[in-house]
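Undergrad: Residues in the sequence shown are numbered consecutively from 40, following my numbering.
A single structure is presented below for examination.
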Amino acid sequence: MVTKVLPDKKSVNINKRYALLKLTNILEEFLEKSLWESYKSVVILCIGTDRSTGDCLGPLVGYKLSVLRYNNVYVHGTLENPVHAKNLTDTLNFINKNYEKPFIIAIDACLGTSEHIGHITIGEGCLRPGAGVNKTLPPVGHVHIVGVVNLGGFMEYLILQNTRLNLVMKMADAITNAIMYNLWKRFRNEDVI
Numbered sequence: 040m041v042t043k044v045l046p047d048k049k050s051v052n053i054n055k056r057y058a059l060l061k062l063t064n065i066l067e068e069f070l071e072k073s074l075w076e077s078y079k080s081v082v083i084l085c086i087g088t089d090r091s092t093g094d095c096l097g098p099l100v101g102y103k104l105s106v107l108r109y110n111n112v113y114v115h116g117t118l119e120n121p122v123h124a125k126n127l128t129d130t131l132n133f134i135n136k137n138y139e140k141p142f143i144i145a146i147d148a149c150l151g152t153s154e155h156i157g158h159i160t161i162g163e164g165c166l167r168p169g170a171g172v173n174k175t176l177p178p179v180g181h182v183h184i185v186g187v188v189n190l191g192g193f194m195e196y197l198i199l200q201n202t203r204l205n206l207v208m209k210m211a212d213a214i215t216n217a218i219m220y221n222l223w224k225r226f227r228n229e230d231v232i
């Protein structure tokens, strides 16, 4: 699912030196502002489909994070069970029904300008999945993470199909590592399941 990003955000070019460190620190900043106060569970909602190279960023991150074993941390959207336009509403209903006070970190791919390809953006508030390909879907997330995987503005579906897997994998690795570190830092003294 391709997304348009809302304001209040910071961005890192994945191809620059120390990108992972910067991404991890930015995520920590946004999580410290928002997360640890009144929420009882963390839901990492990885949006996209494995049927499109450019749109598989979310499911790749979900697949990599599916090894997490913290109490009250849940991952939705993997390569095996992706969260996409057809099941997003049902997934959100499931999350709100089954998890107490969920804090949602939404992850998705997006299209952008040529100078922003390779940037990962972290922002406060929701993202609007599908907006980049003119779909109307519910906004999701208390914090969002999006990766600009290719050029937007015309023939979006074709562009997504012709996105470099190498770039998507680099972004997925960086996002996964930033999330894993921040969750470890927060929950390292608590029991794991």
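Positions of the beta carbon are idealized from the N, C-alpha and C atoms, including for glycine.
Under three-state DSSP, which class holds E229?
TA: In the sequence shown, the residue the question calls residue 229 occupies position 190. Correct three-state label for E229: coil.
Undergrad: Let me know if N228 comes out buried or exposed under the rule of 16 or more other beta-carbons within 10 Å of its beta-carbon.
TA: Position 189 of the sequence shown, counting from 1, holds the residue named residue 228. Exposed.
Undergrad: If the criterion is Cβ atoms closer than 7 Å, does the pair V112 and V81 meet it?
TA: Taking the first residue of the sequence shown as position 1, residue 112 is located at position 73. Taking the first residue of the sequence shown as position 1, residue 81 is located at position 42. Yes, they are a contact pair.
Undergrad: How many Å lie between K49 and I146 at the Cα?
TA: One-based indexing of the sequence shown puts residue 49 at position 10. One-based indexing of the sequence shown puts residue 146 at position 107. When rounded, the distance between both Cα atoms is 14 Å.
Undergrad: Would you check if the distance between the CB atom of A148 and the CB atom of G93 is smaller than 7 Å?
TA: Translated into the one-based positions of the sequence shown, residue 148 becomes position 109. Translated into the one-based positions of the sequence shown, residue 93 becomes position 54. The answer is yes: Cβ separation under 7 Å.
Undergrad: Find the nearest neighbour of L150 within the set H181, L206 and R108, judged by alpha-carbon distance.
TA: Working through the sequence shown from its first residue, we reach residue 150 at position 111. L150 has its Cα closest to that of L206, out of H181, L206 and R108.
Undergrad: Is the separation between the beta-carbon of E163 and that of K79 shorter than 7 Å?
TA: As a working mapping, residue 163 is identified with position 124 in the sequence shown. As a working mapping, residue 79 is identified with position 40 in the sequence shown. It is not a contact, given that the beta carbons lie outside the stated cut-off.
Undergrad: Measuring only the C-alpha atoms, how far is R225 from K174?
TA: Locating residue 225 in the sequence shown gives position 186, where the first residue counts as 1. Locating residue 174 in the sequence shown gives position 135, where the first residue counts as 1. Answer to the nearest angstrom: the Cα atoms are 35 Å apart.
Undergrad: Pick out whichever of A211, R90, N201 and L59 has its Cα sitting closest to the Cα of H123.
TA: Residue 123 sits at position 84 when you count from the first residue of the sequence shown. Considering only alpha carbons, the answer is R90.
Undergrad: What ranges does the alpha helix (DSSP H) occupy inside the stretch 78-110, keeping only unbroken runs of at least 4 residues that lie completely in it?
TA: Whole alpha helix (DSSP H) segments, 4+ residues: 96-104.
Undergrad: Would you identify the three-state DSSP class for A145, choosing helix, strand or coil?
TA: Position 106 of the sequence shown, counting from 1, holds the residue named residue 145. Looking at A145 - three-state DSSP - the assignment turns out to be strand.
Undergrad: Could you pull out every unbroken alpha helix (DSSP H) segment of at least 4 residues lying fully inside the stretch 151-201, listed in chain order?
TA: For the stretch 151-201, whole alpha helix (DSSP H) runs of length 4 or above, ordered along the chain, are 195-200.
Undergrad: Under 7 Å, do G234 and P141 count as touching if we go by C-beta distance?
TA: Beyond the ends of the chain as shown, which are 40 and 232, falls residue 234; an answer cannot be given.
Undergrad: Of the choices I161, P178, S153 and V187, whose alpha-carbon is the least far from that of P168?
TA: The residue you call residue 168 lines up with position 129 of the sequence shown. Closest option to P168, Cα to Cα, is P178.
Undergrad: Distance check for E67 and K43, CA to CA, integer angstroms please.
TA: Reading the sequence shown from its first residue, position 4 is the one you call residue 43. Reading the sequence shown from its first residue, position 28 is the one you call residue 67. Residue placement at K43 is flagged as unreliable, the pLDDT there being 49, under the threshold of 50; the coordinate-derived value follows with that caveat. Near 22 Å, if we compare the C-alpha coordinates of E67 and K43.
Undergrad: Quick check on DSSP: helix, strand or coil for Y220?
TA: Here residue 220 refers to the residue found at position 181 when the sequence shown is read from its first residue. In this structure, Y220 counts as helix in the three-state DSSP scheme.
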